[in-house]
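Residue numbers (the numbering used here), protein chains in the order written: chain A, 1 to 391; chain B, 392 to 782.
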């Protein structure tokens, strides 16, 4: 299979590229290094030292004897993505090529516009490129569970049957996204669904939970193959951030009450899910949505797990309930379905104390690279500092 | 009230500007003349001769003794819209400033990208400008009934109560938009809803049906006050197009079976609805959706009405079922609610034979300006010419 990975230089994109390449597939990687730039502009950096894309590709050739083809450019600009799709002739396109941070999207009008323009226009150009040059290719799009928000009903996988005034229809599941970034993913989902309905494209939207983890079997092969690992307020996510905070003795930053409940998964399961999805493409014209996570935790419980594992590791860690910079429900119903990937064969890597401890070990090795300055949340969802929260 | 009209040089924007100005409000008009340019680039033109914005404003000052303030620029570019909002200090912002054609959005990747970038990024910059400079202003946003598509259940006004697995929530009504233009309006709606939820802005989304009509009391005051009237395949809409076709003896272009059912309203009622909405603003943080139309017709019946009225007028008109360039259901359930504007006091101007005949009279006066070349539908929803339709 010929697999094109958009955002293939990123946290998930690079390990995905190696996984497909190692599995015997022909892999192309598209990136404009925006993530490296955005993190750097925010004064932050990856915990793990990361090689350039060229160095990574060279190292992978040495270690695995396999070639990965790089395409450097911006999918939202000009005809770049159309040219790449035409030249590479992909069977599957795994699309991570988006601005992925909710707080980054809320920092200013320029951040908001860059997020929606990059994500929505980039994906729209991609859809048109597929229509023109690879209409049979399978688009595997990374969405987010955050598209749904926290409704007071069970969350289904993309669609819901609604009975209303004595009639029935199965319709897109209503969305209540919690940031301008999450909105960009909702816009994408709507555009992709349309491209399947009207142009007959085939796509799977992977509404992913919060990913944690640092290493995959491939990143461990050579230090030049390490993937990035962010722990700052903008690009770091809950468990990854807590583990870093634990290592430096920074009180774990639980936002507000900590009852915010989300789906989580190990980076190893991201790879499994994307592989399973690519191996089982939908029919032409079909738009599928898979909810991609393995476990549900609330943020307070997650902090407690890290605190406990760190304690076993000899670290004395505090949990701090900081003022929530976001506007979100801090206590709510949450029961999302996630059976489709399981029925394709996903075998979950559940969160264990051992796993947290192994993360702590890796972080400990890079401890001197941790900058305490970028940890505290400063980006507010509302113009003025919040006292209020939704209840 | 200080009312800022975005897209105030357009078909609906210009009559709306005069209506508010005539009603004693302070009116500012924002436009970049994109609509004039897009129509011209398509080789088409307004049936009615239209003055420039400056000429219109001069004529309005002469006729009505009132000042309308022009702001010329693109709301999706730079900081223009923020500067206008800061300077004008609006109480209400009526937002027509979007690329409004479904087929135009489907012509090419560039048309698709321009549509979504102009509409979504323009509206996003507007939301941020309101947040920064006029947080109490009421955004009156023109949406479209086409956001909903044609689900097999009754369409509610923006939100629906869903019972699912024994729990209930009231959530955004699921959308199935039928073009990349309609998608841009769905994206807007989602962004605006978020801005109300999270930033506490106040907005009303007017999901408007298909507008017909040429004149309003204000446009009749002076020929320099005429509004544009498009009849080409891209910017013309069903009834307006049929009336022009009838006048030149062109068989009425019903797409496919003609069972496509839509909400319609007279341009006079657009003005009424926008006035009523502005006069009754929502609370801070409230996002309302009004379905803005007065009657439901299917396209075949509408053609039949025009054929009959034209017959009474001594014209012998044929109806032609042309191959549908769009991908849409040609026979479907359609029962959208539209009570909110009625309960604010809307008194519908229903479609009568007399009204069609008066449209035919006005069109007859401009008959020598009609170009037959721009009438036939050429823009296809799918890459290849269609044989297929959804059933």
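All C-beta atoms in this analysis are idealised placements derived from N, C-alpha and C, irrespective of residue type, glycine included.
Closest in C-alpha terms to residue 569 (chain B), from the list B:493, B:481, B:533, B:523, comes B:493.
In the structure shown, residue 483 (chain B) falls within a strand segment according to DSSP collapsed to helix, strand and coil. With the criterion set as a beta carbon lying under 9 Å from some beta carbon of chain B, the members of the region 333 to 352 of chain A are 333, 335, in sequence order.
If you check each beta-carbon in the region 499 to 518 of chain B against every beta-carbon of chain A, the ones closer than 7 Å belong to 500, 503, 504, 507, 508, 511, 512, 515, 516.
The C-beta distance from residue 697 (chain B) to residue 637 (chain B) rounds to 5 Å, short enough to meet the 8 Å contact threshold.
Distance between residue 406 (chain B) and residue 69 (chain A), taken at the CA atoms: about 56 Å. Shown here, residue 290 (chain A) sits in a strand according to DSSP, grouped into three states. Between residue 374 (chain A) and residue 303 (chain A), the C-beta spacing is not below 8 Å. Under a 10 Å Cβ-count criterion, residue 440 (chain B) is classified as exposed, with fewer than 16 other Cβ atoms of the shown protein chains found around its own Cβ. Closest in alpha carbon position to residue 343 (chain A), among A:272, A:324, A:55, A:380, is A:272. The Cβ-Cβ distance between residue 4 (chain A) and residue 96 (chain A) does not fall below 8 Å.
Taking CB atoms only, residue 551 (chain B) has a neighbour in chain A less than 8 Å away.
Taking a beta-carbon distance threshold of 8 Å, residue 100 (chain A) does not count as an interface residue toward chain B. One finds nothing in chain B with a Cβ atom closer than 8 Å to the Cβ of residue 75 (chain A); even the nearest lies about 12 Å away. Taking a 10 Å sphere around the C-beta of residue 507 (chain B), we find 16 or more other C-beta atoms and assign the residue as buried. Taking the Cα positions, residue 1 (chain A) is about 51 Å away from residue 631 (chain B). Note that the C-beta distance between residue 341 (chain A) and residue 290 (chain A) is below 8 Å. Nearest CB-CB separation between residue 423 (chain B) and chain A: not below the 8 Å threshold. Neighbourhood of residue 581 (chain B) in chain A, by CB distance below 8 Å: 175, 177, 183, 186, 187, in chain order. In summary, residue 350 (chain A) is exposed, with fewer than 16 beta-carbon neighbours lying within 10 Å of its beta-carbon over all protein chains present.
Counting only runs that start and end inside the region 490 to 546 of chain B, the alpha helix (DSSP H) elements of at least 4 residues fall at 493 to 496, 500 to 507, 513 to 524. Inter-residue distance for residue 162 (chain A) and residue 174 (chain A) is about 11 Å (C-alpha atoms, whole angstroms). Taking the C-beta atoms as reference points, residue 139 (chain A) is found no nearer than 8 Å to residue 191 (chain A). Against chain A, a Cβ distance below 7 Å from residue 718 (chain B) picks out 198.
Chain order gives no chain B residues near residue 324 (chain A), where near means a beta carbon separation below 8 Å; the closest approach is about 12 Å.
A straight-line Cα-Cα distance of about 9 Å links residue 57 (chain A) and residue 224 (chain A).
At a Cβ-Cβ threshold of 8 Å, residue 571 (chain B) and residue 499 (chain B) do not count as neighbours. The C-beta distance from residue 131 (chain A) to residue 199 (chain A) rounds to 5 Å, short enough to fall under 8 Å. Sequence-distant partners of residue 691 (chain B) (beyond 5 residues in either direction) whose C-beta falls short of 6 Å from its own C-beta, in its chain, are 645, 649. In summary, the residues of the region 514 to 546 of chain B whose CB is separated from some CB of chain A by less than 7 Å are 515, 516, 519, 522, 542, 543, 544, 545, in the order they occur in the chain.
Where residue 16 (chain A) is concerned, the enclosing alpha helix (DSSP H) starts and stops at 13 to 22. Assigned with DSSP and collapsed to three states, residue 766 (chain B) falls in coil, not helix or strand. Positions of the beta strand (DSSP E) runs, each at least 3 residues long and wholly inside the region 257 to 344 of chain A, are given as 261 to 266, 287 to 292, 295 to 298, 319 to 322 in order along the chain.
Within the same chain, 99 come within 7 Å of residue 114 (chain A) by CB-CB distance, once the 5 residues on both sides are set aside. One finds 152, 153 in chain A with Cβ atoms closer than 8 Å to the Cβ of residue 559 (chain B), taken in chain order. Distances from the CA of residue 78 (chain A) to each of A:112, A:87, A:129, A:66 were compared; the closest alpha carbon is that of A:129.
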